[in-house]
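Heads up, our numbering is the position in the sequence shown plus 219, with the first residue counted as 1. Each residue gets a CB set at the ideal place from its N, CA and C atoms; glycine is no exception. All remarks here apply to the structure that follows.
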Amino acid sequence: MECDVCVWGGTVLTMDGQFSLHDPGYVAVRDGVIVGVGAIGGAGMGADGRLGAPARSRADATHGAARGAPGNASSSASGSAPDCGGWRARETVDARGTIVMPGYVNTHTHISMSPFRGAKEDSKDRLTRFIFPLEKRMVRPELVYDGALFTIAEMVRSGTTCFADMYYFEEEVGRAAARAGVRALVGETIVDFAAPDATAPYEGIARAERLVEEWRGHPLVRGIIAPHAPYTVDAEHLRAIADLAEKLDAAVMMHIAEMDFEHARFSAEHGSVLRYLDTTGILSPRLIAAHMLYLDDADIELAATRGIAIAHCPGSNAKSGRPISPAWRLGEAGAPVGLGTDGPLSGNTMDMQTVVSLYPKLQKVREGRRDLVSARDALIAATKGGARVLGLDGQIGSIEPGKAADLQIIDLDDFNTLPAHDWYSAAVYSLQAHNVRDTMVAGSFVMRNRKLRFADEAELKKRLLFHAHQSSGLIESLLAEGR
Ligand SMILES: [Zn+2]
C-alpha cells in the first residue's frame, strides 16, 4: 500500500465517533485524503474503514501517562525508523513527542480587519465612532487581500485549517485563502447602507450571488451569503436572501442576538430576535448564526427545531462585556455548536487555542457547574463540531479514512505542555499557539517546522504595517474631528 505522506510516532487524537486515540500512531495520506490511521505496531484502521485490532489504540483513553517529551513518547516506536502501519510513504514525517489532531475550524471571522487590530480598545461606541468611518475610507480590495493573507498566516501558525469569514470585497479573502492553500467559506456582507464595496444599500446581494458562482467547484474555497445582522438587513431582504440561498444551494452567515439594542428592539414586537427572524424564513439548516447571546428557553428550542448552526465566539463576546451565550444549552438541545475567534478587532488574536480554552471556562461560570463541557466536548466544538456548523463534517473535522487530511501537529516539548496526564485536557487547557509545529490542509503542509509555505513572512508583515500606518493616521484625525 503506497501513500504520499505518513505522519508517524505522535499521539493521534482522531476525534472520531469513538474518540479513538492511537499512542503512538500514524496517519497515512494519499491525494490529500486520509487513507490510513492507527496505532504503530497494531493493525489500525485501513483505507477500507475496516477496524483491525490496534495494539495501543483506545476508544476511550484519555490518560497520557504523564509524558509527552520526545524520546519518551517514541520509546515504543522501533528506534528512529519510520513506522507507518504497513504503508509505504514517499515522505515520512517524524511526529514523536507531538499530538497529531484535526486542524481547528474557526466558524466566524472577519480576517481582513487585522490592520485595525487594537485600535481604540475600551472606548464606548467604538463601532460607530471609529470602525465604520475607518472602514468607509480604508477598506479597498488591496487591504482586504493583504489583511486576509496576514491573518491566515496567524491562523495557520495556531493550528487552524479552515475558517468562515464575512466582510467586504470578500472575493479577495477567497483569493488569499486559495493562495495560502487553506479551506474557507467566504461570505459577502449585505447591509442596508452603502458599504465600502457597494454604492447602494443591498448591493451586497448581487455581489454575494456572483461570489458563490465564482467559487463553485473550487476544492478549498466556497462562497456564502452574509447578511450582516437583523438590525442592518430588513425582513423583506432576509426573505429574498433565504430564497437566494436555496436557489444557489449556499450557506448563510449572520450575526444574531449579539447586541442589547437589537434584543430590545425585536423583543418589543416579537418576543425575541430569534422569534422575529423565524417570520422571515432565514432560520434553516443553511444558517450559521454567530454569537446568539440574548436567548430564552423558547429560543433555544426554536434554534434546535429549525436546525440552525451556532458559531460561538466566547472571547470576543467577553471582551465587549456582553452576556455569555447559552452555547452548552444550545448543544444539549441538539444545535450544532462550533467556535470562532470573530475578527481581529473583536477577538484580537485569531488563535483558536485561546477560544477552545475559554469556551468550557465561561460555560462553567454561566451555569455554576464544573462538570459540563468537558475538555473532549470543547475539542469537538473546535474541530468536528465546527465542521458540522459549516456543513463540512463529511469532509473534515476528524482523522478518519476518507476525510481530507487537514491536520495540526503540536510539539509537546515545552514548559507549558508537560506533563500530559490527559491528552484532551492538555490540548484544551495547556497548549498555546506557539506549540503548533506543522499545519496541513488537504495533504499539503501550509506550515512545516513553524515556517509558512505559502508566503514570505517579512513581506506579509510589511504589507500589514503599511495599511496599519495609514489607518492610525485616520484614527487620529477622527479623534480630532470628534473633539
Ligand atoms: Zn462578527
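{"Asked": "Measuring CA to CA, which of Arg595, Trp547, Ser565, Ala314 is closest to Ser342?", "Found": "Ser565"}
{"Asked": "When every heavy atom of ligand 1 is checked, does at least one fall within less than 6 angstroms of the C-beta of Asp384?", "Found": "no"}
{"Asked": "Among all the DSSP beta bridges, which residues are the ones paired with Asn325?", "Found": "Phe382"}
{"Asked": "Check this for me: beta carbons of Ala509 and His474, under 7 angstroms apart or not?", "Found": "yes"}
{"Asked": "Should Asp596 be counted as a contact of ligand 1 given a C-beta to heavy atom distance under 6 angstroms?", "Found": "no"}
{"Asked": "Taking the alpha carbon of Arg711 as the point to measure from, which residue in Ala687, Phe664, Leu697, Gln689 has its own alpha carbon closest?", "Found": "Here the chain comprises residues numbered 220 to 702, so residue 711 is not present and cannot be evaluated."}
{"Asked": "Which partner residues does Ser544 have in the DSSP bridge list?", "Found": "Answer is none; Ser544 lacks a bridge partner."}
{"Asked": "Is it the case that the stretch 521-541 contacts the stretch 603-611, given that we only count it when at least three CB pairs across the two stretches are under 8 angstroms?", "Found": "yes"}
{"Asked": "Considering only residues of the same chain and omitting the five flanking positions on each side of Glu619, which have a CB-CB separation below 6 angstroms?", "Found": "Asp235"}
{"Asked": "Round the Cβ separation of Pro398 and Phe673 to the nearest angstrom and send it over; I've been treating them as touching at under 8 angstroms.", "Found": "In the sequence as presented, Pro is not what sits at residue 398; that position holds Arg. Correct: roughly 6 angstroms between the Cβ atoms."}
{"Asked": "Could you give the first and the last residue of the continuous beta strand (DSSP E) run that contains Val252?", "Found": "252-258"}
{"Asked": "With a threshold of 6 angstroms (Cβ to nearest heavy atom), would Asp561 be considered close to ligand 3?", "Found": "Of the ligands one can find in the structure shown, namely ligand 1, none is ligand 3."}
{"Asked": "What's the call for Glu481, buried or exposed, on a 16-neighbour Cβ count within 10 Å?", "Found": "buried"}
{"Asked": "So, under 8 angstroms CB-CB, Ser690 and Leu368 are touching, yes? Tell me the CB distance rounded to an integer number of Å.", "Found": "The Cβ separation is near 17 angstroms, so there is no contact."}
{"Asked": "Which value, in whole angstroms, describes the spacing of the CA atoms of Ser576 and Val592?", "Found": "11 angstroms"}
{"Asked": "What runs of the beta strand (DSSP E), each 3 residues or longer, lie entirely inside the stretch 568-639?", "Found": "626-630"}
{"Asked": "For Ala461, report the span of its alpha helix (DSSP H) as first-last.", "Found": "454-467"}
{"Asked": "On the DSSP letters alone, give me the boundaries of the alpha helix (DSSP H) that Arg394 sits inside.", "Found": "389-399"}
{"Asked": "Is it buried or exposed, Ala413, if we count other Cβ atoms within 10 angstroms and call 16 or more buried?", "Found": "exposed"}
{"Asked": "When the Cα atoms are used, what is the spatial distance from Ile318 to His447?", "Found": "38 angstroms"}
{"Asked": "If you run the structure through DSSP and keep just helix, strand and coil, what is Glu422?", "Found": "helix"}
{"Asked": "As a quick exercise: from Asp344, Cys381, Thr326, Glu391, pick the residue whose alpha carbon is nearest that of Val358.", "Found": "Glu391"}
{"Asked": "Do Leu502 and Ala476 count as a contact pair if the criterion is CB distance below 7 angstroms?", "Found": "no"}
{"Asked": "Taking the alpha-carbon of Ile629 as reference, which of Asp223, Met220, Val231 has the nearest alpha-carbon?", "Found": "Val231"}
{"Asked": "Just grab the DSSP bridge partners of Val231 for me.", "Found": "His241, Val319"}
{"Asked": "For Gly557, which of helix, strand or coil comes out of DSSP?", "Found": "strand"}
{"Asked": "Using only the alpha-carbon positions, how far apart do Ser295 and Ala597 sit?", "Found": "Note that Ser295 scores 39 on pLDDT, short of 50, meaning its location in the model is unreliable and no value can be drawn from it."}
{"Asked": "Tell me the residue span of the alpha helix (DSSP H) that contains Glu407.", "Found": "No alpha helix (DSSP H) holds Glu407; the beta strand (DSSP E) holding it covers 402-409."}
{"Asked": "Which one of Arg585, Ser333, Gly553, Lys670 has the shortest CA to CA distance from Pro504?", "Found": "Gly553"}
{"Asked": "Could you spell out the range, first to last residue, of the alpha helix (DSSP H) harbouring His437?", "Found": "Segment: none, His437 is in no alpha helix (DSSP H) and carries neither H nor E."}
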